[in-house]
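Numbering (my numbering), first residue to last: 236 to 516.
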Ligand code: PAF
């Protein structure tokens with residue numbers, strides 16, 4: 236596995252692969268890698284000749300300085316996981332390397348970026364679009380892999396790809412869960428033992444809501460999930476929205492769409508967790 240820190244090194248490593256007629260897959264990450272990221276790398280390994288993984292905690296997507304400061308950083312463990320997963324090139328740049336000048340680009344990402352996370356974390360998706368578009372320009376991958384835990388992020392990246400005219404395939408990959416159902420996340424390490432034992436109830440309630448939805452309205456199902464999670468004094472739902480899986484616009488009735496997904500954000504203590512579940516796909 237080749238570890239590179241500069242854009243020039245990255246481009247020349249990818250160029251050699253391209254000249255040899257190889258396909259290139261990219262897995263963008265912010266490090267603190269876990270089984271969820273490994274599943275993206277595994278899929279990328281299966282579908283491409285060359286696997287590139289970026290490990291970069293992107294400051295422009297954090298709208299909260301404390302969240303950026305405390306974001307877990309585990310570079311050596313990340314490299315070990317990537318080497319064991321068959322990654323070919325890992326890109327671990329500094330902030331100055333990626334942003335030699337401040338990135339002032341403002342993307343018009345439309346409605347998909349305005350709802351849910353877009354409303355709660357102003358500027359977040361613009362920062363995601365900045366870094367992901369930069370990575371796409373540097374690597375020019377054939378395919379890029381993203382986890383469905385960040386369901387809205389995938390819709391936003393698809394919109395950015397359309398607007399910027401990138402020619403690549405966005406590959407969404409299923410959520411990987413702990414044995415007790417909690418969606419794997421780099422932020423899970425911030426949960427203390429007590430909150431860690433409570434957090435799996437988010438996934439349990441989401442799962443149970445799929446059965447509940449068969450005989451209840453969208454509104455009743457929303458209330459069932461929100462009230463069920465809020466019944467735990469340790470947890471507070473920031474939002475639960477049942478939306479069309481493509482447009483991310485709220486659905487009022489199950490018959491409004493063939494692809495319906497519920498997206499939740501929960502504060503478990505002071506740790507913000509997100510998860511989602513498909514009702515119709
Ligand atoms: O999902 C993430 O980890 C980040 O938002 C991404 C896509 C790597 C961009 O920094």
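Glycine residues also receive a C-beta, built at the ideal position from the N, C-alpha and C atoms. The structure presented is a predicted model; accordingly, all values stated were derived computationally and were not measured.
Any non-hydrogen atom of the ligand PAF closer than 8 Å to residue i Cβ
i, result
"residue 289", "yes"
"residue 440", "no"
"residue 333", "no"
"residue 512", "no"
"residue 215", "The question about residue 215 has no answer, for the chain in this structure spans 236 to 516."
"residue 249", "no"
"residue 264", "yes"
"residue 382", "yes"
"residue 424", "no"
"residue 302", "no"
"residue 293", "yes"
"residue 366", "yes"
"residue 363", "yes"
"residue 313", "no"
"residue 323", "no"
"residue 338", "no"
"residue 427", "no"
"residue 385", "yes"
N- and C-terminal bounds of the beta strand (DSSP E) containing residue i
i, result
"residue 407", "404-408"
"residue 386", "Unbroken run through residue 386 is the alpha helix (DSSP H), 386-399; no beta strand (DSSP E)."
"residue 379", "378-382"
"residue 237", "237-239"
"residue 266", "That residue, residue 266, is in no beta strand (DSSP E); it is neither H nor E in DSSP."
"residue 289", "285-290"
Exposure of residue i, with buried meaning 16 or more beta-carbon neighbours within 10 Å
i, result
"residue 289", "buried"
"residue 237", "exposed"
"residue 440", "buried"
"residue 240", "exposed"
"residue 372", "exposed"
"residue 394", "buried"
"residue 329", "exposed"
"residue 429", "exposed"
"residue 263", "buried"
"residue 385", "buried"
"residue 376", "buried"
"residue 400", "exposed"
"residue 352", "buried"
"residue 302", "exposed"
"residue 427", "exposed"
"residue 369", "buried"
"residue 200", "With the chain covering 236 to 516 only, the question about residue 200 has no answer from this structure."
Endpoints, the alpha helix (DSSP H) within which residue i is located
i, result
"residue 304", "300-305"
"residue 435", "435-448"
"residue 457", "453-465"
"residue 362", "359-374"
"residue 253", "242-254"
"residue 275", "270-282"
Any chain D beta carbon closer than 9 Å to residue i
i, result
"residue 324", "Judged by its chain identifiers, the structure shown contains no chain D, having just a single protein chain."
Presumed contact (8 Å Cβ cut-off) between residue i and residue j, rounded CB distance
i, j, result
"residue 358", "residue 298", "5 Å"
"residue 333", "residue 387", "In fact, because the Cβ distance is near 23 Å, the residues do not count as touching under 8 Å."
"residue 260", "residue 286", "6 Å"
"residue 509", "residue 500", "5 Å"
"residue 434", "residue 503", "5 Å"
"residue 283", "residue 258", "5 Å"
"residue 360", "residue 341", "Between residue 341 and residue 360 the Cβ distance is about 11 Å, and since that is not below 8 Å, they are no contact."
"residue 374", "residue 245", "7 Å"
"residue 444", "residue 456", "5 Å"
"residue 419", "residue 271", "4 Å"
"residue 267", "residue 309", "5 Å"
"residue 453", "residue 496", "Their Cβ separation, rounded to whole angstroms, is 12 Å, which puts residue 453 and residue 496 out of contact at 8 Å."
"residue 514", "residue 477", "7 Å"
The ligand PLP heavy atom lying under 8 Å from the CB of residue i
i, result
"residue 388", "Summarising the ligand content, the structure contains the ligand PAF and does not contain the ligand PLP."
Suppose only complete runs of 3+ residues qualify. What are the beta strand (DSSP E) ranges in the segment 465-507, listed by chain order?
If we require 3 residues or more, the beta strand (DSSP E) runs fully inside the segment 465-507 come out as 470-479, 495-503.
Within the segment 306-354, note down every full beta strand (DSSP E) run reaching 3 residues or more, in order along the chain.
Entirely contained in the segment 306-354, the beta strand (DSSP E) runs reaching 3 residues are, in chain order, 324-326.
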